[in-house]
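S.K.: So for the sequence shown, numbering that gives the first Met the number 0 puts the first residue at 0; every next one is plus one. Backbone N, C-alpha and C define an ideal beta-carbon position, used for all residues, glycine too. Keep in mind that this is a model prediction, so the values were computed, not measured. Have a look at the structure that comes next, please.
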Amino acid sequence: MQKILKLLVLLGLILSFSEAKSINSSIVKIFTVSKTTDYMEPWNSSVSRSSGSGSIISGNRILTNAHVVGNETFIEVKKYGDTKRYQAKVLEVSHDTDLALLEVKDEKFFKNTTPLTFGTLPKMQDKVTVYGYPMGGQTISISTGIVSRIEHTRYIHSSQHFLSIQIDAAINPGNSGGPALSNGKIVGVVMQGITMSQNIGYIVPVDIIQHFLKDVSDGKYDGYPKLGIMTDKIQNPSLKEYYHLNKDEGGILVVDIVYNSILKDVLKKEDIITSINGYKIENDGTVEFRDKQYTHFKYAVDILQYGDKASLTVIRKGKKVNLEVVLPKKFSSEYSSYSELEYDKMPTYFMLGGYVFSPLTQNLLNASMSPILNLRYNATKFPTKDKQELVVLLKVLAAEHSRGDYGISLWYIEKVNGKLFKNFKEFYDLVINTKDKYVVLEDEDGAKVVINKAEALKVEKEILQRYSIKANKSDDM
């Protein structure tokens, strides 16, 4: 009997060793050369190098973070137990949820590897094992921890909120993109940690990963449905009474609806949404996604794909109404706010005689040290059909004709020669095509900047040479 037990233990150890070896062979180190853009000087960029982790999954694909390969110019990968680097390229990317798929043309890279498979959303206190290549060494690192929390969290890469899993396994720079496994299956991808904390790390949950993989199965990334509404909680008793809501009834108040919202013809302002696809919305704006576990009501939308059907229960002027909408497969990708993050591109700009203009982006706001509170406030607003982008006079480069304007920076432009414009392209056309002697720029308060167009054009070549600028506009213009 003892011999049999010893054999069983030995067999278990052999199987465990074999499984560990198989997992290790599917863990990848990613080397990225990227172009770092400068939104304050949009013609400039620099080169940086970084590394991250990834894992081999079905279809000879490598799963990793979007931020590991963001703004990439060259990518190489190296698998565990091999010293050779192989060139890779981005196959699909979701900047929203910080996920990316890479492909390697050389099939030799995948020799003697076993694709990892996916598990299910873990439970609280489930054990997870994190694999990757963090700082502190060159070879693979393995750390273990438990699931501490599951809820919506801000993804640093996109500044958007999605479901995430908090774990207490050690996560360090270089771990990003590596898999978190439970029972040998992927339950998440390492995403971010909190510095100055004790082992607080976050992983992208398997549900989000599966949503991404299903989305790109047709070769095109559509993203996550956005309702395009501004909402508020209804917790105050007087507010509930005002909107004819029972004191024990939950819901969210529709405060505003963006002009291109998929719900613009379905919802009305001051509707109270009480459930989405059967998920009851609680007093605090959460839904129960698992027994006794709650997260942001957005969860009920995040699990849907474009093309799916969404059902809503709302209270409209005291009466319950059931609504239904099909999320369009070809949804307009126009902005949902005036300030959006850009990825994998050089900044857009246009220059006239040293006056540099740019659309307002979140990247630009992040790059600026100036408080510019009014501009930052305007950037949070919903765009309208007639105003889809904000344009700023980014800076003024010193020249004879622009004396007195050198100190202008991030100045919001409302009109050109008295005319409103919808976006940066319309602004550009107004400036270029005007036959007037002066280009008169005006802000929302009526303050003006006046440019003598002929004088500006006459010295433009000289200014480009003086400041070592390649062109007076970005390639996309």
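Taking the DSSP output, what are the residues bridged to Gly187?
M.R.: By one-based count along the sequence shown, residue 187 stands at place 188. DSSP, once it has assigned bridges, lists Ala179, Pro204 as partnering Gly187.
S.K.: If you follow the beta strand (DSSP E) that His151 is part of, which residue opens it and which one closes it?
M.R.: The sequence position of residue 151 within the sequence shown is 152, counting from 1. Unbroken beta strand (DSSP E) run through His151: 140 to 154.
S.K.: Opposite Ile56 in the DSSP bridges: which residues?
M.R.: In the sequence shown, the residue the question calls residue 56 occupies position 57. Answer is Arg60.
S.K.: Give, in chain order, every unbroken run of the beta strand (DSSP E) that is at least 3 residues long and sits entirely within the stretch 348 to 400.
M.R.: Taking only runs of at least 3 residues, the beta strand (DSSP E) segments lying wholly in the stretch 348 to 400 are 349 to 351, 354 to 358, 390 to 395.
S.K.: Does DSSP put His295 in a helix, a strand or coil?
M.R.: Here residue 295 refers to the residue found at position 296 of the sequence shown. Strand, per DSSP.
S.K.: Closest to Ala502 by CA distance: which of Ala179, Ile280, Ile55, Asn23 is it?
M.R.: What the structure shows of the chain is the stretch from 0 to 476, and residue 502 is not part of that stretch, so it cannot be assessed.
S.K.: In terms of DSSP beta bridges, what is Leu440 paired with?
M.R.: Here residue 440 is taken as the residue at index 441 of the sequence shown, counted from 1. DSSP, once it has assigned bridges, lists Val415, Val448 as partnering Leu440.
S.K.: If distances are taken between C-alpha atoms only, which option among Ser24, Ser158, Thr119 comes closest to Gly483?
M.R.: Because the chain here runs from 0 to 476, residue 483 falls outside it and cannot be looked at.
S.K.: With a CB to CB cut of under 7 angstroms and the five nearest residues on each side skipped, what residues in its chain are close to Thr112?
M.R.: The sequence position of residue 112 within the sequence shown is 113, counting from 1. These residues qualify, in order along the chain: Ser24, Ser25, Ile55, Lys78.
S.K.: Measuring alpha carbon to alpha carbon, tell me which residue in Pro224, Gln234, Ser336 is nearest Val324.
M.R.: As a first step, residue 324 is located in the sequence shown; it is residue number 325 there, counting from the start. If we check each option's Cα against that of Val324, Pro224 comes out closest.
S.K.: In chain order, what residues of the same chain have a beta carbon less than 6 angstroms from the beta carbon of Lys267, not counting five sequence neighbours either side?
M.R.: Position 268 of the sequence shown, counted from the start, is the residue given in the question as residue 267. Within the same chain, Lys267 has no close Cβ partners at all.
S.K.: For the beta strand (DSSP E) holding Ile90, just list the boundary residues, first then last.
M.R.: In the sequence shown, counting from the first residue as 1, residue 90 sits at position 91. It should be noted that the sequence gives Leu, not Ile, for residue 90. Here the beta strand (DSSP E) through Leu90 covers 85 to 93.
S.K.: State the DSSP-derived secondary structure class of Phe211, mapped to helix, strand or coil.
M.R.: Within the sequence shown, numbered from 1, the residue matching residue 211 stands at position 212. Reduced to three states, the DSSP call for Phe211 is helix.
S.K.: By a C-beta neighbour count over all protein chains shown, 10 Å radius and 16 as the cutoff for buried, is Leu219 buried or exposed?
M.R.: Position 220 of the sequence shown holds residue 219. It should be pointed out that residue 219 corresponds to Lys in this sequence rather than to Leu. Exposed, by the Cβ-count rule.
S.K.: For the candidate residues Thr119, Lys460, Thr35, whose alpha-carbon lies nearest to that of Val205?
M.R.: Position 206 of the sequence shown, counted from the start, is the residue given in the question as residue 205. The candidate whose alpha carbon is nearest that of Val205 is Thr119.
S.K.: Determine whether the beta carbon atoms of Phe423 and Val257 lie at a separation below 7 angstroms.
M.R.: Your numbering for residue 423 matches position 424 in the sequence shown. Your numbering for residue 257 matches position 258 in the sequence shown. The answer is no: Cβ separation not under 7 angstroms.
S.K.: Regarding Asp283 and the ligand SAH, is the C-beta to nearest heavy atom distance less than 6 angstroms?
M.R.: Looking for the ligand SAH in the displayed structure turns up nothing, as the structure carries no ligands at all.
S.K.: Answer with buried or exposed for Val449, where buried requires no fewer than 16 other C-beta atoms within 10 angstroms of its C-beta.
M.R.: Translated into the one-based positions of the sequence shown, residue 449 becomes position 450. Exposed.
S.K.: Is the beta carbon of Gly80 less than 7 angstroms from the beta carbon of Gly176?
M.R.: By one-based count along the sequence shown, residue 80 stands at place 81. By one-based count along the sequence shown, residue 176 stands at place 177. Not in contact: Gly80 and Gly176 (Cβ atoms no closer than 7 angstroms).
S.K.: Mapping DSSP to helix, strand and coil, what is His160?
M.R.: Taking the first residue of the sequence shown as 1, we reach residue 160 at position 161. His160: strand per DSSP, three-state reduction.
S.K.: Within a Cβ cutoff of 7 angstroms, which residues of the same chain sit near Tyr466, ignoring the five residues on either side of it in sequence?
M.R.: Start at 1 with the first residue of the sequence shown, and residue 466 comes out as number 467. So the list reads Leu396, once near-sequence residues are dropped.
S.K.: Can you check which of these residues, Thr433, Val355, Phe426, is closest to Gly406 by C-alpha distance?
M.R.: As a working note, residue 406 is residue 407 in the sequence shown. Comparing Cα positions, the closest option is Val355.
S.K.: Classify Ala470: buried if its beta carbon has 16 or more other beta carbons within 10 angstroms, exposed otherwise.
M.R.: Position 471 of the sequence shown, counted from the start, is the residue given in the question as residue 470. Burial call: exposed.
S.K.: Let me make sure I understand the geometry here. Which of Ile412, Val439, Glu281, Lys263 has the alpha-carbon closest to that of Lys384?
M.R.: Along the sequence shown, one-based indexing puts residue 384 at 385. The shortest Cα separation from Lys384 among Ile412, Val439, Glu281, Lys263 belongs to Lys263.
S.K.: So what does DSSP say about Arg402, is it helix, strand or coil?
M.R.: Your numbering for residue 402 matches position 403 in the sequence shown. Reduced to three states, the DSSP call for Arg402 is coil.
S.K.: How is the beta strand (DSSP E) around Ser274 delimited, first residue to last?
M.R.: Along the sequence shown, read from residue 1 onward, the residue named residue 274 stands at position 275. Looking at the DSSP string, the run of the beta strand (DSSP E) that includes Ser274 is 271 to 275.
S.K.: Could you tell me the boundaries of the beta strand (DSSP E) in which Lys34 lies?
M.R.: The sequence position of residue 34 within the sequence shown is 35, counting from 1. 26 to 36 is the extent of the beta strand (DSSP E) around Lys34.
S.K.: Kindly give me the distance between the Cβ atoms of Gly200 and Ile166, rounded to whole angstroms, as I take these residues to be in contact under 8 angstroms.
M.R.: As a first step, residue 200 must be located in the sequence shown, where it is residue number 201. As a first step, residue 166 must be located in the sequence shown, where it is residue number 167. Between Ile166 and Gly200 the Cβ distance is about 5 angstroms, and since that is below 8 angstroms, they are a contact.
S.K.: Closest to Glu413 by C-alpha separation, out of Pro327, Ala446, Ile207, Arg402, would be which residue?
M.R.: Within the sequence shown, residue 413 is the residue found at index 414, counting from 1. Closest by alpha carbon: Ala446.
S.K.: From the DSSP output, in three-state form, read off Glu425 for me.
M.R.: The count along the sequence shown starts at 1 and reaches residue 425 at position 426. Glu425: helix per DSSP, three-state reduction.
S.K.: Looking only at DSSP bridge pairs, what is Leu252 linked to?
M.R.: Numbered from its first residue, the sequence shown carries residue 252 at position 253. Answer by DSSP bridge pairing, in chain order: Asp231, Ile271.
S.K.: Can you tell me whether Leu130 is helix, strand or coil according to DSSP?
M.R.: Locating residue 130 in the sequence shown gives position 131, counting from the first residue. Rather than Leu, the amino acid found at residue 130 in this sequence is Tyr. Tyr130: strand per DSSP, three-state reduction.
S.K.: Using only CA atoms, which one of Val439, His400, Lys344 lies nearest to Ser473?
M.R.: By 1-based counting over the sequence shown, the position of residue 473 is 474. Minimum Cα distance to Ser473 is reached at Lys344.
S.K.: Taking the Cβ atom as the reference point for each residue, do Leu100 and Arg148 lie within a distance shorter than 7 angstroms?
M.R.: Here the question's residue 100 lines up with position 101 in the sequence shown. Here the question's residue 148 lines up with position 149 in the sequence shown. No, the pair does not count as a contact, with Cβ atoms beyond the cut-off.
S.K.: Please determine, among Phe30, Ser21, Glu71, the residue with the shortest C-alpha to C-alpha distance to Ser45.
M.R.: As a working note, residue 45 is residue 46 in the sequence shown. Checking every option, the nearest Cα to that of Ser45 belongs to Glu71.
S.K.: With a CB to CB cut of under 8 angstroms and the five nearest residues on each side skipped, what residues in its chain are close to Pro41?
M.R.: As a first step, residue 41 must be located in the sequence shown, where it is residue number 42. The answer, listed in chain order, is Met345, Pro346, Thr347, Tyr348, Val355, Ser357, Leu393, Ser473.
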